[in-house]
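What follows is a short report on a single structure.
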Amino acid sequence: MLSSQQAPEAVPASAVKTKWDTKTQQYHGGQEWSLLDNFVEDFSVTTNGLGIPQKALQAAREALDVCHHYPAADQEPAKTHLAKFLDTKSHEGIHARLLLGNGASELIDLVTRAAPEGPWKPGPWPVQYKEYERSAAALGRTVLKPTDPTPAALTCIVNPNNPTGDYMHIEELKQWIENTVANDTVVMVDESMQPWHSAAFQEDSLVSQSEWLADIYARRGVAVYIMHSWTKLWSCTGLRLGSLVCPTAAHCTKLKKVQVPWSVNVPALKFLEVVTSEAEADFLAETWAVTTSWRNSLVAKLQAMGAKAGWEIKGEDFLSWVWIDMRDEKVAGEAVARAKRAGVPVRWGAFGYGCDTCVRAAVRKPEQVDVLIAAWAGLVEQ
Ligand SMILES: Cc1ncc(COP(=O)(O)O)c(C=O)c1O
């Protein structure tokens, strides 16, 4: 219920203006900041609250000086740096299976195009990040519900899941794949948000499971691809950086053949090279040090605010966002409108996800969170 003193007019999702052509394009957050005269911080995206890693940014700036040359066709040395980041012990195996892309979005589309014909199915959660479904539907695949027993040619699971923040640890994830997907099919596992887990994130990630990946392919013909969007951890959504670890080197070669050349530009390659190097180790150490405590503090404030209204704040502690079920679509719409007016836009679950009572808000610095919390003062009875 909205607070009785300040009960506003409900804002239906259909009345909210957006830069997206929502009849043709998939809605994503991150578009409103440039329209706000009083912009403070963007809470509508799941990027790192620390902002842009500065040394990598500087390197990307300097790389513009050579933008009269083509980017390296082998994506080196950035690719080797990323392989070492993903596998600190022996990177050669991953390196042979690694492909960089213009954001994960390019690679999602690439795998969806290349996978055998047939239906598409998401992971187990009621809603998940939509690019996988968008690409599948755009290419004419039948979209199945998570619970549909029909075997899918392509299964895509987002782990940790954006927006709900659900997460399966590695053994559970492998078991889910073993039990759920049909033989001779393709699986994409999106681990974009998984590196937030800890400094030892690799141990709870599929990147540490090369033997199992080779085995499930040999045993059952299940080709498991590991997707990463790097635009979140390293706050470079505008630069566009993603990667794909393929099940085998042969799968990688097949995709490379159909990938548009030079899709990762010169500044983005340079950014990746530096951000995965020792030069930016402090940025990651700080990310792992502050995100959970910033998130816990945001969660505590939201729980206090929404206690009477029964708000539910979802997601793992280590994640860079919270998913808030405000239990009332009018309250959620008003929360979105107020956040925007205060220069701190959030993402309404009504768009794309069909979760009208839910709002996604990024984990941000405490002083920025204060602006959002102030904007929501009196939103519900306390
Ligand atoms: C889980 C997940 N995967 C992939 C992407 C695509 O990211 P990009 O194309 O910016 O790398 C996003 C963006 O929001 C995401 O949240």
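Going letter by letter, the sequence shown gives residues 1 to 382 in full-length UniProt numbering. Glycine residues also receive a C-beta, built at the ideal position from the N, C-alpha and C atoms.
Assuming contact is defined by CB atoms lying nearer than 8 Å, are residue i and residue j in contact in what I supplied?
| i | j | result |
| --- | --- | --- |
| P53 | V275 | yes |
| W311 | R327 | yes |
| G101 | S297 | no |
| E381 | D356 | no |
| A56 | F201 | no |
| C252 | L99 | yes |
| T142 | P119 | yes |
| V336 | W348 | yes |
| K79 | H95 | yes |
| N162 | R220 | no |
Just checking residue i against ligand 1 - is the residue's beta carbon closer than 7 Å to any of the ligand's heavy atoms?
| i | result |
| --- | --- |
| H28 | yes |
| Y129 | yes |
| D190 | yes |
| M168 | no |
| D200 | The displayed chain sequence assigns Ala, not Asp, to residue 200. False, no ligand heavy atom lies under 7 Å from that Cβ. |
| A350 | no |
| S44 | no |
| S229 | yes |
| P292 | Reading off the sequence shown, one finds Thr at residue 292, where the question assumed Pro. No - ligand 1 has no heavy atom lying nearer than 7 Å to the Cβ of T292. |
| S263 | no |
| N162 | yes |
| S297 | no |
| A104 | yes |
| G242 | yes |
| M326 | no |
In or out: residue i buried (at least 16 other Cβ within 10 Å) or exposed?
| i | result |
| --- | --- |
| H197 | buried |
| Y167 | buried |
| K340 | buried |
| K19 | exposed |
| D105 | Per the sequence shown, residue 105 should be read as Ser rather than Asp. Looking at its Cβ environment, which holds 16 or more other Cβ atoms inside 10 Å, S105 is buried. |
| E133 | buried |
| A285 | exposed |
| H169 | exposed |
| S320 | buried |
| H228 | buried |
| Q175 | exposed |
| A289 | exposed |
So is the beta-carbon of residue i under 7 Å away from any non-hydrogen atom of ligand 2?
| i | result |
| --- | --- |
| S205 | By its list of ligands, the structure shown excludes ligand 2, since it contains just ligand 1. |
If you draw a straight line from the alpha carbon of residue i to that of residue j, how long is it in whole angstroms?
| i | j | result |
| --- | --- | --- |
| E203 | F318 | 15 Å |
| G343 | A375 | 9 Å |
| D265 | G103 | The sequence shown places Asn at residue 265, rather than the Asp named in the question. If you take the alpha carbons of N265 and G103, they lie about 11 Å apart. |
| residue 383 | V158 | Residue 383 cannot be examined here, being either before or after the span of the chain that is shown, 1 to 382. |
| C361 | I373 | Note that residue 361 is Ala in the sequence shown, not Cys. The straight-line gap from Cα to Cα measures roughly 11 Å. |
| residue 404 | V346 | A question about residue 404 goes unanswered here, because the residues of the chain that appear run from 1 up to 382. |
| P124 | K145 | 9 Å |
| G49 | K17 | 26 Å |
| residue 408 | Y27 | The displayed coordinates of the chain run from 1 to 382. Any statement about residue 408 would go beyond what the structure contains. |
| D74 | A268 | 14 Å |
| L139 | R113 | 7 Å |
| W212 | D109 | 25 Å |
| A249 | Y353 | 35 Å |
| Q31 | V331 | 22 Å |
| S192 | T291 | 16 Å |
| residue 407 | L64 | This structure cannot speak to residue 407, because the chain is shown only from 1 to 382. |
| Q5 | A377 | Confidence at Q5 is low in this model, with a pLDDT of 48, below 50, so the placement of that residue should be treated as unreliable; the coordinate-derived value is given next. Those two C-alpha atoms are separated by around 11 Å. |
| L86 | K308 | 44 Å |
| K130 | A72 | 31 Å |
Could you tell me how far apart the beta carbons of residue i and residue j are, in whole angstroms, since I believe they sit closer than 8 Å?
| i | j | result |
| --- | --- | --- |
| K314 | T185 | Rounded, the Cβ-Cβ distance is 30 Å, inconsistent with contact. |
| G93 | S210 | 5 Å |
| V222 | I216 | 5 Å |
| V224 | I177 | 7 Å |
| R364 | F39 | No, R364 and F39 are not in contact; Cβ-Cβ is about 13 Å, not under 8 Å. |
| P116 | A153 | 5 Å |
| A60 | L239 | 7 Å |
| residue 397 | I226 | Residue numbering for the chain in the displayed model covers 1 to 382; residue 397 lies beyond these limits and cannot be assessed. |
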